[in-house]
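Throughout, this note's numbering is defined as the position within the sequence shown, counted from one, plus 12.
Backbone N, C-alpha and C define an ideal beta-carbon position, used for all residues, glycine too.
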Amino acid sequence: MEYRVISADDHIDLRWLPRNLWQERLPVALRERAPCVVETEKGMHWQCEGTFWGAWAPYGSGISQWALDRAGDILKEGELRTTTPDLRLDDMDRDGVDASVLYGPTDPLKIADPELRRASYEAYNDWLIEFCAHKPERLIGAAQLSMEDPLAARDELVRLAKKGMRHFNVLAARADPPVYDASWEPFWDCAEETGLAIGFHLAVETGLNRTPAAESTNPVVARATRFAQNHPGYQLIEPIAGLIFTGALDRHPNLKLVMAESGLAWIPNFIQAMNRLLNRIRMGHEKMDGIERLPDLLPSEYFPRQIWMTFQDDFYGIKMLNILPEDKVMWASDYPHPASTWPDSQGIIEKLMEGIAPNVQKKLLFGNASALYGL
């Protein structure tokens, strides 16, 4: 297939997953405790072991501000449009997107019992494989891996690599233990050996899990403050800095990482700050007790070697391509989230690409993703 536009970050959300996904796919002995949809004061929500994950709300149920709410009369009551293959492909065609990398729920799947957790991740990933099989050259699933159990994540990576999965996701910002802890080393060994990319997508606490923060009584000021102070990409600072400063990327120089939905504009400042810190430590201007070994390279050198980034309508970020490694930057639409460029991606892309050399445009729009995922 000839690609012209690949969206490197789109979504399959809890809110529109088949409500019987886990109840039908888990082993019989676990089905009574399977994740399920229950009625709450705030509508239908996913629940597992008494913990609420996020909303289940098919289109037409009153949910507003999602990208598909811009689509007018194509929406039908109770329709799981994003998880119905033909309808999703129709939406991709409408937006001029040839292939889509599909990240799973950004709401952490909080499951305390290790057996139930393993089985639930496996059930979701098997469903994802079947979903993508409708058009495997266009639907590129990102398997969801455990953020609490590094060995379970490794085992699932091995299982799914044998089934042909091209991409994997760990909600690194919520990982416990953190992804740079020694317990993750077997996972990173395996990821490097397979040569398959590991995504760190942003994690979102939604619905009944969200804790309101103190904010201005002026709604516009409150909204602006949340945007300025809580840029979601910032949650990737600790995982990436951790992997660099603990030497994980030195031990795994062929590891491929994707900062999914990170945006671009803030990353040069992040890299500069890490470079400055490392140089100060090397010169003895910063005292760091307990550090056995410093990174072999400057943080700025790991990005062009092994860290990819995705962006949407990041006009300031695009202006920084003379700083960022252009081979590691990938456009995305973020369908069907509220911030998505769908269904106007082509117009936004045209504006974003003004002044960008044609060969660089090809890298950003499809070349880098095609190479990373072996399309």
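Restricting attention to beta strand (DSSP E) runs no shorter than 3 residues, the region 295-378 encloses them at 319-323, 341-343, ordered along the chain. Here Phe327 is exposed: its Cβ has fewer than 16 other Cβ atoms, across all protein chains shown, within 10 Å. Boundaries of the alpha helix (DSSP H) harbouring Tyr136: 126-144, taken from the DSSP string. For Phe64, the pairing in a beta bridge is given by DSSP as Gln59.
Each residue's CA atom was taken as its position, placing Ala194 and Glu53 some 42 angstroms apart.
By the Cβ neighbour-count rule, Leu306 is exposed, with fewer than 16 other Cβ atoms within 10 Å of its own. When DSSP states are grouped into helix, strand and coil, Tyr385 belongs to the helix group. Cα atoms of Leu172 and Pro244: separation of roughly 29 angstroms, rounded to the nearest angstrom. For Met271, the uninterrupted beta strand (DSSP E) run begins and ends at 269-272, by DSSP. With contacts defined as CB atoms closer than 7 angstroms, Leu255 and Glu204 fail to qualify as a contacting pair.
DSSP, read as helix, strand or coil, puts Glu14 in coil. When the beta-carbon positions are compared, Trp320 and Lys340 come within less than 7 angstroms of each other.
Per DSSP, the unbroken beta strand (DSSP E) holding Gln156 starts and ends at 151-156. Taking Pro39 as the centre and dropping the five residues before and after it, the same chain places the C-beta of Ala131 closer than 8 angstroms to its C-beta, in chain order.
Under the DSSP definition of a beta bridge, Leu163 lacks any partner. The C-beta distance from Ala67 to Arg27 rounds to 5 angstroms, short enough to fall under 8 angstroms. Going by DSSP, Leu261 is part of the alpha helix (DSSP H) stretching over 260-263.
A Cβ-Cβ distance of about 6 angstroms is found for the pair Glu273 and Asp346, placing them in contact under the 8 angstroms criterion.
Rounded to the nearest whole angstrom, the C-alpha separation of Gly84 and Ala351 is 17 angstroms.
At a Cβ-Cβ threshold of 7 angstroms, Pro280 and Met365 do not count as neighbours. In this structure, Leu384 is the residue among Ala46, Val372, Leu384 with its C-alpha nearest to the C-alpha of Gln318.
Taking 7 angstroms as the cut-off, the Cβ atoms of Gly116 and Gln156 count as close. Tyr133 is the residue among Ala46, Pro148, Tyr133, Arg93 whose C-alpha sits nearest the C-alpha of Arg166. Between Gly108 and Gln358, the C-beta gap is smaller than 7 angstroms, which places the two residues in contact. Around the beta-carbon of Pro316, fewer than 16 other beta-carbon atoms lie within 10 Å, marking it exposed.
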